[in-house]
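Colleague:
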Amino acid sequence: MTLAAPATSRVEQHVPEGHILRYTFRERLVHWLSGFSYIYLLLTGLAFWSPWLFWLAVILGGAPVSRMLHPWIGLIFFAGIMQMFALWASQMGFTAVDRAWLGSMSHYIRNQDEDMPPAGRYNAGQKLLFWGFIIFGVLLLLSGLVLWFPEKIPWSLRYLRYTAVLVHASSAMATIGLFLIHVYMGVFAERGAIDSVIHGDVTEEFVRRYHPGWYKELTDSSTPRK
Amino acid sequence: MSQATLRVQKISGHAGTVPGEDTQREYTVCKLIDTTTCIGCKACEVACMEWNDLPFGETVFGNTYQTMPETRWNYWNLILFNEHEREDGTLMWLMRKNQCMHCADPGCLKACPADGAIIQYTNGIVDFQQANCIGCGYCITGCPFNIPKFNPETKRVFKCTLCADRVSEGLEPACIKSCPTGCLHFGSKDDMKELAETRAKQLRDHSNFPNAGVYDPAGVGGTGVIYVLHDATQPELYGGLPKDPQVPWSVKLWKGPLKWLGNAAMIGGLIGLFVHYLRFGPKTREDDVEVPHEGAQP
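Chains as they are written, first to last, in my numbering: chain A, 1 to 226; chain B, 1001 to 1298.
Next comes the structure, spelled out in structure tokens:
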């Protein structure tokens, strides 16, 4: 049984028997655009964060080059998460199931997935990740603009600079926390997740196990969801 | 300065004190600016450009004698002019030579992320090494005196060096040499403090400036450039000299507690995830046999 694509996609994609298309080409492209630009920002940002990690900037083409490119790559990253916002924001609202899911988080951490409330296409953790990256992404952009051109800020507005260094660093730290958990879940904890964001499809078993609410949605109606 | 490196400081396996210890004073250098005897001739501005080979840029006329509104990346020494009306209606023409203050606790150095881009010599001079500068401008944020200036062409930051090249050869900074009134002095911090206090007392006792005093702000650990002011209770009158300059609290927070908190969270997070993997492992394993259920396809 092959189920219909979950999201709008003008590109028909071949999905193997017993698999479900989880991410369209556009979703995957936007994910990796954001992912690769985030990794560059992470490495160069950490180089400026601590003298112990300054060598990261040196191996990435030298610290002046890293300083020059970091803001531009930041704009690409921001464009990426704005695309994500356009694609997914409507699916990221918190429901009663999500609140119950967050309440049962201790089971999720212990891999007792059968005790979890039936998550939809995105579970509550993924929704937190999404909103975290959107909110901290906006904060990083705003503070980053100040840090991009500190010499353009007049002395009377120096508090903008003082605020920006704090906001930029603490927002970055918050995204690093989200990023570590995201990579750990996608690559190590949930087998099949990393493949889904490369090839697009997951096994039906994967959907039944981790997103039973979504599975029910897909199987209940014969027509594809919007 | 160079001879100091050959002076014996410690000796191994030696009973008693180091012979010759403390016979020579270790100087922290200091520039003293007596604003009460400055005539605003700008010889120091010219001398600074001459010695440091800085090209002359456009001046900006703002209805005063001031050359331009603030220092530039290639104009490190600027006399600020201010016409101040006192309570008794008389006018005072305040002039202050503005440049890097060479703080003992430099905010620029604290904020700088680039290895070796800002250094502080043992004699107290704070110097930018443009070869190591990455052009991030964090020093601009760290400085409480609005001194480091960005060169948009080379993407490097510049400021007064206290003529470190001259001082290392036993000479005074160029501005000091050029001063015709003797309002600029250069020497050890102790000597300059003493001279400044003597002058301030003279102003208080004999020149009807009861608030005269020395500006050597403790908030930045004292400075390598100190001022004698007619009214030390109102340093703001002298072209906005901050009353209690500090390294900005946000820079202190960012480079202090936030850094340690962030580092602990990042390392703790990595360890936590690794331990979670050891304890619980992945949610499914490749060798898992899928549990058969109704409607499942082979």
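Ideal placement from N, C-alpha and C gives every residue a C-beta, glycine not left out.
Taking contact to mean 3 or more Cβ pairs, one atom from each stretch, closer than 8 Å, check whether the stretch 153-162 of chain A and the stretch 190-210 of chain A are in contact.
Modeller: The stretch 153-162 of chain A, when compared against the stretch 190-210 of chain A, does not touch it at the 8 Å Cβ threshold.
Colleague: Counting contacts by CB-CB distance shorter than 8 Å, is ASN227 (chain A) in contact with chain B?
Modeller: What is shown of chain A runs 1 to 226, which leaves residue 227 (chain A) out entirely.
Colleague: Closest Cβ-Cβ distance between GLU190 (chain A) and chain B: below 8 Å?
Modeller: Locating residue 190 (chain A) in the first sequence gives position 190, counting from the first residue. Cβ-Cβ to chain B under 8 Å: yes for GLU190 (chain A).
Colleague: Do three or more CB pairs link the stretch 1203-1210 of chain B to the stretch 1054-1074 of chain B at distances below 8 Å?
Modeller: At 8 Å Cβ cutoff, the stretches do not touch.
Colleague: The ligand SAM heavy atoms versus the CB of ASN1063 (chain B): any closer than 7 Å?
Modeller: Absence of the ligand SAM from the depicted structure is noted, as is the absence of any ligand whatsoever, leaving it without description.
Colleague: For the beta strand (DSSP E) that contains CYS1030 (chain B), what are its first and last residues?
Modeller: Here residue 1030 (chain B) corresponds to residue number 30 of the second sequence, with the count starting at 1. 1029-1034 is the span of the beta strand (DSSP E), which, as asked, contains CYS1030 (chain B).
Colleague: Assign PRO1298 (chain B) to buried or exposed, taking buried as 16 or more other Cβ atoms, counted over all protein chains shown, within 10 Å of its Cβ.
Modeller: By 1-based counting over the second sequence, the position of residue 1298 (chain B) is 298. Residue placement at PRO1298 (chain B) is flagged as unreliable, the pLDDT there being 43, under the threshold of 50; the coordinate-derived value follows with that caveat. Result: exposed.
Colleague: Tell me where the alpha helix (DSSP H) around GLY1213 (chain B) begins and ends.
Modeller: The residue given as residue 1213 (chain B) occupies position 213 in the second sequence. GLY1213 (chain B) -> not in any alpha helix (DSSP H); beta strand (DSSP E) instead, spanning 1213-1215.
Colleague: Reducing DSSP to helix, strand and coil, say where ARG225 (chain A) ends up.
Modeller: Position 225 of the first sequence holds residue 225 (chain A). Annotation note: pLDDT 49 at ARG225 (chain A) (below 50); position unreliable, coordinate value reported separately. Looking at ARG225 (chain A) - three-state DSSP - the assignment turns out to be coil, as it is neither helix nor strand.
Colleague: So, GLU1197 (chain B) versus VAL1214 (chain B), is the Cβ gap smaller than 8 Å?
Modeller: Stepping through the second sequence from its first residue, residue 1197 (chain B) is reached at position 197. Stepping through the second sequence from its first residue, residue 1214 (chain B) is reached at position 214. A contact, by the Cβ cut-off of 8 Å.
Colleague: With a threshold of 16 other CB atoms inside 10 Å of the CB of ARG67 (chain A), please say whether the residue is buried or exposed.
Modeller: For this step, residue 67 (chain A) is matched to residue 67 along the first sequence. So ARG67 (chain A) ends up on the buried side.
Colleague: Residues of chain A with CB under 7 Å from CYS1136 (chain B), in chain order?
Modeller: For the purposes of this step, residue 1136 (chain B) is taken as the residue at position 136 of the second sequence. Near CYS1136 (chain B) (Cβ distances below 7 Å), the residues of chain A are PHE48 and ARG67.
Colleague: With 16 other CB atoms within 10 Å as the buried threshold, where does THR8 (chain A) fall?
Modeller: Within the first sequence, residue 8 (chain A) is the residue found at index 8, counting from 1. Unreliable placement is indicated for THR8 (chain A), whose pLDDT of 49 sits below 50; no coordinate value is reported for it.
Colleague: Between B:SER1207, B:VAL1220 and B:PHE1145, which has its C-alpha nearest LEU1229 (chain B)'s C-alpha?
Modeller: Taking the second sequence and counting its residues from 1, one reaches residue 1229 (chain B) at position 229. Ranking the options by Cα distance to LEU1229 (chain B), first place goes to B:SER1207.
Colleague: Which residue comes first and which comes last in the beta strand (DSSP E) that contains THR1198 (chain B)?
Modeller: As a first step, residue 1198 (chain B) must be located in the second sequence, where it is residue number 198. Not the beta strand (DSSP E): THR1198 (chain B) falls in the alpha helix (DSSP H), residues 1189-1206.
Colleague: At 8 Å on the CB atoms, spell out the chain A contacts of VAL1251 (chain B), in chain order.
Modeller: Here residue 1251 (chain B) refers to the residue found at position 251 when the second sequence is read from its first residue. In chain order: TYR162 and VAL165.
Colleague: What is the DSSP secondary structure of ARG227 (chain A), reduced to helix, strand or coil?
Modeller: One cannot answer for residue 227 (chain A) here, as it falls past the ends of chain A, which runs 1 to 226.
Colleague: Quick one: what does DSSP say VAL1008 (chain B) is sitting in, helix, strand or coil?
Modeller: Taking the first residue of the second sequence as position 1, residue 1008 (chain B) is located at position 8. Looking at VAL1008 (chain B) - three-state DSSP - the assignment turns out to be coil, as it is neither helix nor strand.
Colleague: Quick one: which residues of the stretch 1265-1280 of chain B get their C-beta closer than 7 Å to a C-beta of chain A? List them in chain order.
Modeller: Within the stretch 1265-1280 of chain B, the residues whose Cβ lies closer than 7 Å to some Cβ of chain A are ALA1265, MET1266, GLY1269, LEU1270, LEU1273, TYR1277 and PHE1280, listed in chain order.
Colleague: Give a yes or no on whether the minimum CB-CB distance between THR8 (chain A) and chain B is below 8 Å.
Modeller: In the first sequence, counting from the first residue as 1, residue 8 (chain A) sits at position 8. Its pLDDT being 49, under 50, THR8 (chain A) is placed unreliably by the model, and the measurement read from it follows with that caveat. Closer than 8 Å: no.
Colleague: Identify the continuous beta strand (DSSP E) that holds PHE1128 (chain B) and give its terminal residues.
Modeller: What you label residue 1128 (chain B) is simply residue 128 of the second sequence in a count that begins at 1. From DSSP, the beta strand (DSSP E) with PHE1128 (chain B) extends over 1126-1128.
Colleague: With 16 as the cutoff for other CB atoms within 10 Å, does MET1092 (chain B) come out buried or exposed?
Modeller: Residue numbering aside, residue 1092 (chain B) sits at position 92 when the second sequence is read from its first letter. Exposed, because fewer than 16 other Cβ atoms sit within 10 Å of the Cβ of MET1092 (chain B).
Colleague: So, for LEU141 (chain A): in the same chain, excluding its five sequence neighbours on each side, which residues have a beta-carbon less than 6 Å away from its beta-carbon?
Modeller: Position 141 of the first sequence holds residue 141 (chain A). The answer, listed in chain order, is PHE78.
Colleague: So, is the C-beta of PRO212 (chain A) closer than 8 Å to a C-beta in chain B?
Modeller: One-based indexing of the first sequence puts residue 212 (chain A) at position 212. No, its Cβ sits nowhere closer than 8 Å to a Cβ of chain B.
Colleague: Give the residues of chain B in contact with ILE176 (chain A), contact being defined as C-beta atoms less than 7 Å apart.
Modeller: Within the first sequence, residue 176 (chain A) is the residue found at index 176, counting from 1. Within 7 Å Cβ-Cβ: MET1266.
Colleague: Mind checking TYR1277 (chain B): buried by the 16 CB within 10 Å criterion, or exposed?
Modeller: Start at 1 with the first residue of the second sequence, and residue 1277 (chain B) comes out as number 277. So TYR1277 (chain B) counts as exposed.
Colleague: Would you identify the three-state DSSP class for LYS1155 (chain B), choosing helix, strand or coil?
Modeller: Taking the first residue of the second sequence as position 1, residue 1155 (chain B) is located at position 155. The answer is coil: DSSP assigns LYS1155 (chain B) none of H, G, I, E or B.
Colleague: First and last residue of the alpha helix (DSSP H) that includes THR1141 (chain B)?
Modeller: One-based indexing of the second sequence puts residue 1141 (chain B) at position 141. THR1141 (chain B) -> alpha helix (DSSP H) spans 1138-1142.
Colleague: Output, in chain order, the set of chain A residues within a Cβ distance shorter than 7 Å of ALA1146 (chain B).
Modeller: Numbered from its first residue, the second sequence carries residue 1146 (chain B) at position 146. The sequence shown places Asn at residue 1146 (chain B), not Ala. Ordered by position in chain A, the residues that pass the 7 Å Cβ test against ASN1146 (chain B) are TRP155.
Colleague: Would the beta-carbon of LYS1031 (chain B) fall within 8 Å of that of GLY1124 (chain B)?
Modeller: As a position in the second sequence, residue 1031 (chain B) is number 31, starting the count at 1. As a position in the second sequence, residue 1124 (chain B) is number 124, starting the count at 1. Cβ distance not < 8 Å, so LYS1031 (chain B) and GLY1124 (chain B) don't count as in contact.
Colleague: Is the separation between the beta-carbon of ILE1119 (chain B) and that of PRO64 (chain A) shorter than 8 Å?
Modeller: Residue mapping note: residue 1119 (chain B) aligns to position 119 of the second sequence, counting from 1. Residue mapping note: residue 64 (chain A) aligns to position 64 of the first sequence, counting from 1. Contact flag unset, no.
Colleague: In terms of alpha-carbon separation, which member of A:TRP214, A:ILE20, A:VAL187 and A:THR44 lies closest to THR1284 (chain B)?
Modeller: As a first step, residue 1284 (chain B) is located in the second sequence; it is residue number 284 there, counting from the start. The residue with the shortest Cα to Cα distance from THR1284 (chain B) is A:VAL187.
Colleague: What residues of chain A sit near LYS1155 (chain B), judged by a beta carbon separation below 9 Å?
Modeller: Along the second sequence, one-based indexing puts residue 1155 (chain B) at 155. Those within 9 Å of LYS1155 (chain B) in chain A are PRO64, ARG67 and MET68.
Colleague: Give the secondary structure of ALA1296 (chain B) by DSSP, where H, G and I count as helix, E and B as strand, and everything else as coil.
Modeller: Here residue 1296 (chain B) is taken as the residue at index 296 of the second sequence, counted from 1. Any reading at ALA1296 (chain B) must be qualified, since the residue scores a pLDDT of 44, below 50, and its modelled position is unreliable; no value is offered.
Colleague: Under 8 Å, Cβ to Cβ, is there at least one residue of chain B near ALA169 (chain A)?
Modeller: Residue numbering aside, residue 169 (chain A) sits at position 169 when the first sequence is read from its first letter. It does: the Cβ of ALA169 (chain A) has a partner Cβ on chain B nearer than 8 Å.
Colleague: Strictly under 8 Å for the Cβ-Cβ distance: is GLU151 (chain A) near chain B by that measure?
Modeller: Here residue 151 (chain A) is taken as the residue at index 151 of the first sequence, counted from 1. For GLU151 (chain A), the answer is yes, since a Cβ of chain B falls inside 8 Å of its Cβ.
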